[in-house]
Structures are given as C-alpha cells and as structure tokens.
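Asker: Can you keep this structure in mind? I'll have questions shortly.
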Amino acid sequence: MSLSDDVVAVVRVVPSGCVVSYGDIAELLGTSPRVIGHAMATLEVPDLPWWRVVRADGGMADHLIDSAVPHWLEEGIGFADGRVRIRRHRVDLAALADAAESLLGPLPGAGDHQ
DNA sequence: GCCGTGACTCGCA
DNA sequence: CTGCGAGCCACGG
Numbered sequence: 006m007s008l009s010d011d012v013v014a015v016v017r018v019v020p021s022g023c024v025v026s027y028g029d030i031a032e033l034l035g036t037s038p039r040v041i042g043h044a045m046a047t048l049e050v051p052d053l054p055w056w057r058v059v060r061a062d063g064g065m066a067d068h069l070i071d072s073a074v075p076h077w078l079e080e081g082i083g084f085a086d087g088r089v090r091i092r093r094h095r096v097d098l099a100a101l102a103d104a105a106e107s108l109l110g111p112l113p114g115a116g117d118h119q
C-alpha cells in the first residue's frame with residue numbers, strides 16, 4: 006500500500022457527474038497536491054475516473070483535456086474553454102471524506118480533529 | 001541516501 | 001484577465 010493507492014480509493018468514491026480538485030484530495034490524505042499529481046501520472050489504473058480530478062481552477066493538463074472532454078460530456082459535467090465548471094460540480098469534501106474513510110479508515114485530514 | 005520530476009496551488013505584479 | 005516564482009511531497013533511478 007502506498008499513498009497512491011489511497012488516492013485511487015478517493016477518486017473512486019467521487020460520484021459520476023462530480024469533480025474534485027487535486028488540492029481537495031491532498032487535504033483529505035494529509036499531503037500536498039503535487040503528490041496527487043505524481044500519483045495520478047504514475048499509477049496505472051484502468052478503471053480510475055481520472056477525468057473527475059481537475060485543477061483548482063477547473064482546468065487540467067493540456068495533454069489530457071482532449072481525452073477528458075468526452076467523459077465530461079458523457080457524465081453531464083458542464084465545461085467551457087477547456088475548464089470544467091468546478092464551482093458547480095465540485096463534490097462535497099465532507100461527503101468525500103466520509104466515503105473514503107469507509108474504505109481506508111481514519112484519514113489525516115478528515116473529521117478526525119486534533 | 002541524495003536528486004530530479006510531476007496530471008498542483010497560491011500569492012503577487 | 002495573464003504571467004512568474006516559490007513551496008510542496010512522494011517515488012524511481
């Protein structure tokens with residue numbers, strides 16, 4: 006198990022038609038956004054809905070937009086000018102944390118205070 | 001064990 | 001709105 010595996014688990018619990026930012030996932034896992042990016046770039050997970058993970062501004066790496074757009078259309082995720090309307094489709098962070106905790110156990114950045 | 005890389009983020013001009 | 005710079009951390013070589 007690696008942090009990357011946790012990233013996969015979190016991405017998997019993002020509902021269809023919703024998106025989440027790298028920073029959000031990073032916060033749930035108690036790490037930095039770069040780690041999420043590195044994990045996503047490195048891991049090979051065929052069934053991973055990676056297009057639901059976007060940058061904080063709703064944009065995404067240029068070489069991926071072309072592949073992501075069809076998925077956004079398929080899931081009804083609104084976007085314009087290569088950027089999804091993240092403000093509209095961003096999944097609730099608390100709900101995401103709750104779902105992730107069910108699979109991974111207590112998360113560093115989740116409801117567990119202290 | 002050090003170094004570079006990466007699908008990032010934020011602040012400032 | 002755009003662009004630049006620095007911070008950030010895990011992983012492979």
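For reference, each letter of the first sequence is one residue, going 6 to 119 in this note's numbering. C-beta: ideal position from N, C-alpha, C; glycine also. Just so you know, these numbers come straight off a predicted model, no measurement behind them.
Give a yes or no on whether the C-beta atoms belonging to Ala105 and Val15 are separated by under 8 Å.
Answerer: The answer is yes: Cβ separation under 8 Å.
Asker: Hey, how far is the Cα of Ser7 from the Cα of Thr36?
Answerer: Taking the straight line joining both Cα atoms gives about 13 Å.
Asker: Since Val24 contacts His94 with CB under 8 Å, what's their CB separation in whole angstroms?
Answerer: Contact holds; Cβ gap of about 5 Å.
Asker: Between the alpha carbons of Val89 and Pro111, how many angstroms are there, rounded?
Answerer: Each residue's Cα considered, the two are about 30 Å apart.
Asker: In angstroms with no decimal places, state the Cα-to-Cα distance between Asp86 and Arg92.
Answerer: Using only the alpha carbons, I get a separation of about 15 Å.
Asker: Count the other CB atoms within 10 Å of the CB of Arg57; is the residue buried (16 or more) or exposed (fewer)?
Answerer: It counts as buried.
Asker: Measuring straight from C-alpha to C-alpha, what distance separates Leu60 and Ser9?
Answerer: Position check: residue 60 holds Arg in this sequence, whereas Leu was assumed. Each residue's alpha carbon lies about 18 Å from the other.
Asker: Beta-carbon within less than 7 Å of Gly28's beta-carbon, same chain only, minus the 5 sequence neighbours each way: which residues are those?
Answerer: The residues are Pro38, Ala61.
Asker: Using alpha carbons as the reference points, say which of Ser21, Ile30, Ser26, Val13 lies closest to Pro113.
Answerer: Among Ser21, Ile30, Ser26, Val13, the Cα nearest to that of Pro113 belongs to Ile30.
Asker: Look at the alpha carbon of Val50 and the alpha carbon of Val12, and state the distance between them as a whole number of angstroms.
Answerer: Approximately 11 Å between the Cα atoms of the pair.
Asker: Look up Ser26 in the DSSP assignment and give the residues it is bridged to.
Answerer: According to DSSP, which records beta bridges pairwise, Ser26 is partnered with Val59.
Asker: May I have the straight-line CA-CA distance separating Asp97 from Val40, to the nearest angstrom?
Answerer: Going from the Cα of Asp97 to the Cα of Val40 covers about 21 Å.
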